[in-house]
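Report on one structure; see the data block that follows.
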Amino acid sequence: MAEAFVGSYPIVKNVIDPVLRHLASHHNGTRVGLIGTRRTISSNIYKKRVDELNLHIDLQSLATPLLAPMIEEGFYNNTIKTVLVNEYLSSEKLKGIHSLILGCTHYPLIKKEIDTFYQGKVQVIDSSQIVAHALKKLLTKHGLLNTEPRPVDKFFVSDFTRSFVESTNIFFRQEVQLEYYPIWE
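The sequence shown begins at 1 in my numbering and counts up by one.
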């Protein structure tokens, strides 16, 4: 499938290094929190890359395994969200942080709640925005950025649910076409 969309020379880009470059530029020498799925946090990939790049960041990682499913099921607009966010962000691991990385693509949907929890005392970093900016630069560099306006975006999804459609509408604030693509079959 990838070859059909990007040709025979795909550009592989990881989503961690752009975030770490941002941290090195804007948060060097500080204590930084990271929240993500259990899989992301247990991989320890952020810490490994911080060490490999010799960054001066005190990274404190916390798995927040209930946040992504809560968002996927559409429960991000009620009190469950507040209870879970407050419970996770009150963790001792995140005490004294200067900034917090949202290490999951779902988490921007609850960024407002996270900002409210920290009352402006912690900068909440939307990693998806940083990665999107880095990807735009990369595509521009290689002459692959489409600058033509498009009326409808189309995405292939491996799990098509009503709450996913609603989340997509919130993210994009415009018409988006979703098509089921069974990658697991």
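Every residue gets a Cβ at the ideal spot worked out from N, C-alpha and C, and that includes glycine. Remember, predicted model here, so these are calculated numbers, not experimental data.
Worksheet item: To the nearest angstrom, how far is it from the Cα of L135 to the Cα of S128?
Response: 10 Å
Practice prompt. Would you kindly work out how many angstroms separate the C-alpha atoms of N146 and H133, rounded to a whole number?
Written response: Roughly 14 Å between the two C-alpha positions.
Discussion item. With a threshold of 6 Å on Cβ separation, who are the neighbours of T168 within its own chain once the five nearest residues in sequence on each side are excluded?
Written reply: V176
Discussion item. Quick check: T40 and G120, are their CB atoms within less than 8 Å of each other?
Written reply: no
Discussion item. Please report the distance separating the alpha-carbon of D17 from that of F160.
Written reply: Straight-line Cα distance between these residues: approximately 30 Å.
Worksheet item: When the distance is taken between beta carbons, is I125 closer than 8 Å to L100?
Response: yes
Fill in: Spatial distance of G33 from F117 (CA atoms)
Approximately 14 Å, taken between the alpha carbons.
Worksheet item: Can the beta-carbon of T79 be found closer than 8 Å to that of E113?
Response: Not in contact: T79 and E113 (Cβ atoms no closer than 8 Å).
Worksheet entry | Spatial neighbours of G74 in its chain, beta-carbon cut-off 7 Å, leaving aside the 5 residues before and after | S163 and E166
Fill in: Close beta carbons around F156, own chain, < 6 Å, minus the five adjacent residues each side
E179 and Y181
Item to complete: Kindly list the residues whose CB is nearer than 6 Å to the CB of K154, restricted to its own chain and excluding five residues on each side of it in sequence; keep chain order.
Response: Closer than 6 Å at Cβ, skipping near neighbours: Q177.
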